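Sequence lines, in order, name chains A and B. Here this note's numbering is used: the first residue of the first sequence is 25, the next is one more, and so on. Here this note's numbering is used: the first residue of the second sequence is 25, the next is one more, and so on. Even glycine gets a Cβ: it sits at the ideal position worked out from N, Cα and C. Here the structure is a predicted model, which is why all the values come from computation and not from measurement. Some notes on the structure that comes next.
Protein chains: 2
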Amino acid sequence: MSVPLPDPCDETAPVDEATKPAASLHEGLLVALRDFIVEGSLADGARVPERALCERFNISRTPLREALKVLAAEGLIELLPNRGARIRQLSPEDVRELFDVMGGLEALAGRLACERISEAEIAEIERMHHEMYRFYLRREMHGYFHCNQAIHQMIVAAAGNAMLAATYAGLAGRIRRVRYSANLAKDRDRWGEAMREHEVILDALRRRAGAELSEILFLHLRNKQKAAQASS
Amino acid sequence: MSVPLPDPCDETAPVDEATKPAASLHEGLLVALRDFIVEGSLADGARVPERALCERFNISRTPLREALKVLAAEGLIELLPNRGARIRQLSPEDVRELFDVMGGLEALAGRLACERISEAEIAEIERMHHEMYRFYLRREMHGYFHCNQAIHQMIVAAAGNAMLAATYAGLAGRIRRVRYSANLAKDRDRWGEAMREHEVILDALRRRAGAELSEILFLHLRNKQKAAQASS
DNA sequence: CCGGATTATTTTGCATTCATTTTTTGGAAG
DNA sequence: CTTCCAAAAAATGAATGCAAAATAATCCGG
């Protein structure tokens with residue numbers, strides 16, 4: 025009774041973020057296709073078979089092509105005029121650049137996180153850190169990487185900046201195809217070094233030393249990049 | 025003779041970057057539409073008239089809708105299921121977030137620029153700086169802002185990181201609709217302060233003090249944000 | 001005269017269709 | 001047997017068509 029006119033021009037915020045998954049068919053297709061590509065279902069540099077994907081997702085070419093255009097804008101695929109799409113393969117130089125940008129964004133995340141992170145959030149990151157440490161001691165790569173990614177993700181989330189999170193997620197998706205995992209196996213020293221860096225990161229976060237954390241995070245990513253590059 | 029089979033999978037690089045402008049109709053439309061929106065031809069929060077734009081650009085709905093999807097992915101517009109697109113209006117919070125992310129990216133740019141910038145590039149930035157100073161002395165806002173943007177752009181370019189440049193450009197496009205210009209007029213102190221900050225930026229760049237420049241640039245953007253916010 | 005429901009119009013989303021371009025296939029000449 | 005060229009086949013880019021949803025307009029009851 026208090027809202028007789030549900031003003032049709034009032035779509036500013038009411039969209040429930042929790043209901044997002046089922047937003048629309050296009051949105052769903054986009055997510056599905058992105059996953060399909062990021063998961064590595066298509067070979068690196070391979071052409072994207074339009075027709076096959078239409079059958080695979082049971083849709084016509086129109087929505088598929090729309091999704092393809094978006095994915096191209098995101099940098100996951102590239103469009104060759106009159107020749108369709110192909111999985112974009114990142115050159116070593118591209119990967120280097122991506123690592124640096126992600127380093128810059130994580131540095132920013134660290135700084136912002138120090139300004140607003142709660143004790144509870146720090147505690148959660150500490151828990152994850154210790155879990156990661158256990159994996160490190162047992163030399164369990166898979167678990168270690170999972171925790172590692174989770175920690176970095178949590179720092180980004182703790183920054184409380186949606187634009188940052190979105191930008192970061194976009195770049196993370198593009199680099200996911202690059203298997204920079206499994207490289208530590210050949211480089212035990214790097215693994216230990218990374219673990220120590222994480223100790224320092226956590227310490228700076230606890231002290232809420234923004235500038236310091238920012239610096240460490242960037243260098244941490246730089247080191248990660250160097251390690252990945254060396255073993256590639 | 026050495027290449028009997030022009031391997032159809034070898035489209036890695038030959039695409040001439042200089043010939044890009046006329047890449048394809050879709051690409052052209054995308055640029056045109058983006059400009060059309062960024063330039064402010066559509067009111068903030070207004071619905072995007074699909075049909076009208078089709079006539080405006082003399083194309084059918086299919087390519088237009090593709091472009092719309094891409095623009096939505098870029099964050100310039102938002103898609104309401106079954107209700108079309110509307111110009112995305114940035115909340116003060118969004119703007120705050122954007123400024124921080126751009127600050128983070130410029131901080132990164134400054135750091136990277138210090139690693140690789142040439143004397144010639146520094147000299148060019150210095151020239152622009154002095155030109156900006158002249159505009160400052162004469163209180164010519166328009167020219168001042170032009171130089172200001174050019175300097176920041178040059179620092180990003182000097183970083184020599186295409187991913188960074190692309191990411192930065194994307195965010196810059198989104199914020200262009202926000203008129204944070206003309207705010208210095210009401211705040212002479214901020215103007216002088218900004219000018220002094222630019223002196224420090226240039227100094228750090230000359231000394232190639234990466235971490236220092238990084239810090240200054242981020243804070244410079246923070247101050248810019250505060251000034252914009254205060255006068256809004 | 002106003003409010004609410006019903007119908008008509010417009011708009012959106014997707015499928016289908018058409019014109020070009022590209023790629024493949026076939027064949028003939030060298 | 002290779003190479004070049006031509007025609008067939010397939011794929012791409014864009015326009016049109018059609019069902020469903022949303023918005024606007026109309027009509028009827030109070």
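For this session: Starting from the C-beta of Glu217 (chain B), find all residues in its chain whose C-beta is less than 8 Å away, skip the five residues before and the five after it, and write them out in chain order.
Result: Contacts found: Asn247.
Exercise. Secondary structure at Ala83 (chain B), three-state DSSP: helix, strand or coil?
Worked result: One point to set straight first is that residue 83 (chain B) is Ile, not Ala, in the sequence displayed. Of the three classes helix, strand and coil, the one that applies to Ile83 (chain B) here is coil, per DSSP.
For this session: State buried or exposed for His166 (chain B), treating a residue as buried only when at least 16 other CB atoms are found within 10 Å of its CB.
Result: exposed
Exercise. Taking Cβ-Cβ distances shorter than 8 Å, what residues in chain A pair up with Arg124 (chain B)?
Worked result: The sequence given here has Asp at residue 124 (chain B), not Arg. Neighbours of Asp124 (chain B) in chain A, taken as residues whose beta carbon is under 8 Å from its own, are Leu132, Leu136, Asn185, Met187, Leu188 in chain order.
Exercise. Contact check, Leu129 (chain B) vs Thr191 (chain B) under 8 Å by CB: the rounded distance?
Worked result: Contact holds; Cβ gap of about 6 Å.
For this session: Between the Cα of Arg112 (chain B) and those of B:Ile101, B:Pro105, B:Leu122, B:Arg120, spot the shortest distance and give me the residue it belongs to.
Result: For Arg112 (chain B), the nearest C-alpha among the options comes from B:Ile101.
Exercise. Quick one: is Gly134 (chain A) buried, meaning 16 or more other Cβ sit within 10 Å of its Cβ, or exposed?
Worked result: buried
For this session: Answer yes if the stretch 163-181 of chain A comes into contact with the stretch 143-153 of chain A, meaning at least three C-beta pairs across the two stretches below 8 Å, and no otherwise.
Result: yes
Problem set entry | Chain-ordered chain A contacts of Arg89 (chain B) [CB-CB under 8 Å] | Glu90
For this session: Kindly say whether Ala46 (chain B), judged by its beta-carbon, lies nearer than 7 Å to any beta-carbon of chain A.
Result: Below a pLDDT of 50, predicted positions are generally treated as unreliable, and Ala46 (chain B), at 48, falls in that range; the measurement from the model is reported next regardless. Taking a beta-carbon distance threshold of 7 Å, Ala46 (chain B) does not count as an interface residue toward chain A.
Exercise. Does the separation of the CB atoms of Leu226 (chain B) and Met126 (chain B) fall below 7 Å?
Worked result: no
For this session: Mind the definition here: the stretch 79-98 of chain B touches the stretch 230-239 of chain B only if three or more C-beta pairs lie below 8 Å; say whether that holds.
Result: no
For this session: Please classify Leu229 (chain B): does DSSP put it in a helix, a strand, or coil?
Result: helix
For this session: Kindly indicate if chain B contains any beta-carbon less than 7 Å away from that of Gly52 (chain A).
Result: no
Exercise. Can you tell me where the alpha helix (DSSP H) with Ala133 (chain B) in it begins and where it stops?
Worked result: 116-140
Problem set entry | Top-ranked residue by Cα proximity to Asp68 (chain B), from B:Arg214, B:Arg110, B:Leu122 | B:Arg110
For this session: Return helix, strand or coil for Leu66 (chain A), following the three-state DSSP convention.
Result: Looking at Leu66 (chain A) - three-state DSSP - the assignment turns out to be coil, as it is neither helix nor strand.
Exercise. Ala235 (chain B) to Leu92 (chain A), Cα distance in whole Å?
Worked result: 39 Å
Exercise. In the structure shown, what three-state DSSP assignment does Glu90 (chain B) receive?
Worked result: helix
Problem set entry | Against chain A: residues of the stretch 161-174 of chain B by CB proximity under 8 Å | none
Problem set entry | Cβ separation of Gly52 (chain A) and Arg201 (chain A), assumed to be a contact under 8 Å, to the nearest whole Å | Wrong, their Cβ atoms sit about 22 Å apart, outside the cutoff.
Exercise. Should Asn185 (chain A) be labelled buried (16 or more other beta-carbon atoms within 10 Å of its own) or exposed?
Worked result: buried
For this session: Identify whether Leu104 (chain B) lies in helix, strand or coil by the three-state DSSP scheme.
Result: strand
Exercise. Given Val224 (chain B), which residues of its chain have a CB within under 6 Å of its CB, disregarding the five upstream and five downstream residues?
Worked result: Ile240
Problem set entry | Distance between Glu145 (chain B) and Arg80 (chain B) (C-alpha atoms, nearest Å) | 42 Å
Problem set entry | Own chain, CB closer than 7 Å to Arg85 (chain B), minus 5 neighbours either side, in chain order | Glu74, Cys78
Exercise. Does any C-beta atom of chain A lie closer than 7 Å to the C-beta of Gly128 (chain B)?
Worked result: yes
Exercise. Under a CB-based cut-off of 7 Å, is Val224 (chain B) close to chain A?
Worked result: no
Problem set entry | Same chain, Cβ closer than 6 Å to His244 (chain A), five either side skipped, listed in chain order | Glu221
Problem set entry | Gly197 (chain B) - containing alpha helix (DSSP H), residue span | 186-200
Exercise. To the nearest angstrom, how far is it from the Cα of Ala189 (chain B) to the Cα of Asn106 (chain B)?
Worked result: A straight line joining the alpha-carbon of Ala189 (chain B) with that of Asn106 (chain B) spans about 35 Å.
Exercise. Comparing alpha-carbon positions, which option in A:Ala56, A:Ala70, A:Arg71 lies nearest Ile83 (chain A)?
Worked result: A:Ala56
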